[in-house]
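S.K.: Residue numbers (UniProt numbering): 1 to 239.
Glycine is no exception: its CB is placed at the ideal position from the N, C-alpha and C atoms.
Predicted model only: the values in this text are computed from it and were never measured.
1) Quick check on the burial criterion: 16 or more other C-beta atoms within 10 angstroms. Buried or exposed for residue 227?
2) Nearest to residue 229 by CA position, among 193, 172, 211, is which residue?
3) Would residue 197 and residue 31 qualify as a contact pair, given that the criterion is a beta-carbon distance under 7 Å?
4) Kindly indicate the opening and closing residues of the alpha helix (DSSP H) around residue 148.
5) If we define contact as Cβ-Cβ less than 7 Å, is residue 238 a contact residue for chain B?
6) Quick check on residue 189: buried or exposed, where buried means 16 or more other Cβ atoms within 10 Å of its Cβ?
7) Enumerate in chain order the residues of its own chain whose CB-to-CB distance from residue 117 is below 6 Å, with the five nearest sequence positions on each side excluded.
8) Using three-state DSSP, classify residue 104 as helix, strand or coil.
9) Helix, strand or coil: which one does DSSP assign to residue 158?
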């Protein structure tokens, strides 16, 4: 007996297939290879951050503290000052993973607080972040090659405005504004990375730093929003 396939599910997967196959036609082979290296490195960085967060929450080896912020800055400057050569590739990758691990440790106190409210928020935020990050990356890659590159000045100004708004704007305005800005940076950075690759810049490790920071910022904003919503729901049930 033949089982009929759900037309909506079929259309959904067909659209996904067309989306990714369209990238093969739009992006040059060299750019595709560079982006694969970048996203693989970002994925490794997210894994290192997860390990760092676990070290903070489940061991006494390292705990988030003020000193770690200076260590993180030092690692970043070391990565920047190390020339991008084949001989330094493994060393620079190690600096990148160390930076991501420290970022994960620094995020440990936030995760502990969220887990006290509802542990499921962590996985939900991670899945939502991956989805949002992927969608905005596809938007950037499918758009004309320089459409969003000129947003750099606008995004810098918006970041400065958000910083000043923190002194007088409401909590939700800051969180939602920060989330929107982080998503916009994904589009901007992704398109800028692709354009740099076309012009011969193959420093995939530094490009991964930029996208990792975008990913981490989206995750922070989403997990705060989810935890806050869950906390308000719990209060309503108790009342």
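M.R.: On the basis of the data shown:
1) For this step, residue 227 is matched to residue 227 along the chain shown. Its Cβ being crowded by 16 or more others within 10 Å, residue 227 is buried.
2) Locating residue 229 in the chain shown gives position 229, counting from the first residue. Minimum Cα distance to residue 229 is reached at 172.
3) By 1-based counting over the chain shown, the position of residue 197 is 197. By 1-based counting over the chain shown, the position of residue 31 is 31. Yes, they are a contact pair.
4) For the purposes of this step, residue 148 is taken as the residue at position 148 of the chain shown. No alpha helix (DSSP H) contains residue 148, which DSSP labels as neither H nor E.
5) Any reference to chain B falls outside this structure, which holds one protein chain only.
6) As a working note, residue 189 is residue 189 in the chain shown. Per the 10 Å Cβ criterion, buried.
7) Locating residue 117 in the chain shown gives position 117, counting from the first residue. Around residue 117: 227, 230, 231.
8) Mapped onto the chain shown, residue 104 falls at position 104. The answer is helix: DSSP assigns residue 104 an H, G or I state.
9) Taking the first residue of the chain shown as 1, we reach residue 158 at position 158. Here residue 158 sits in helix by DSSP.
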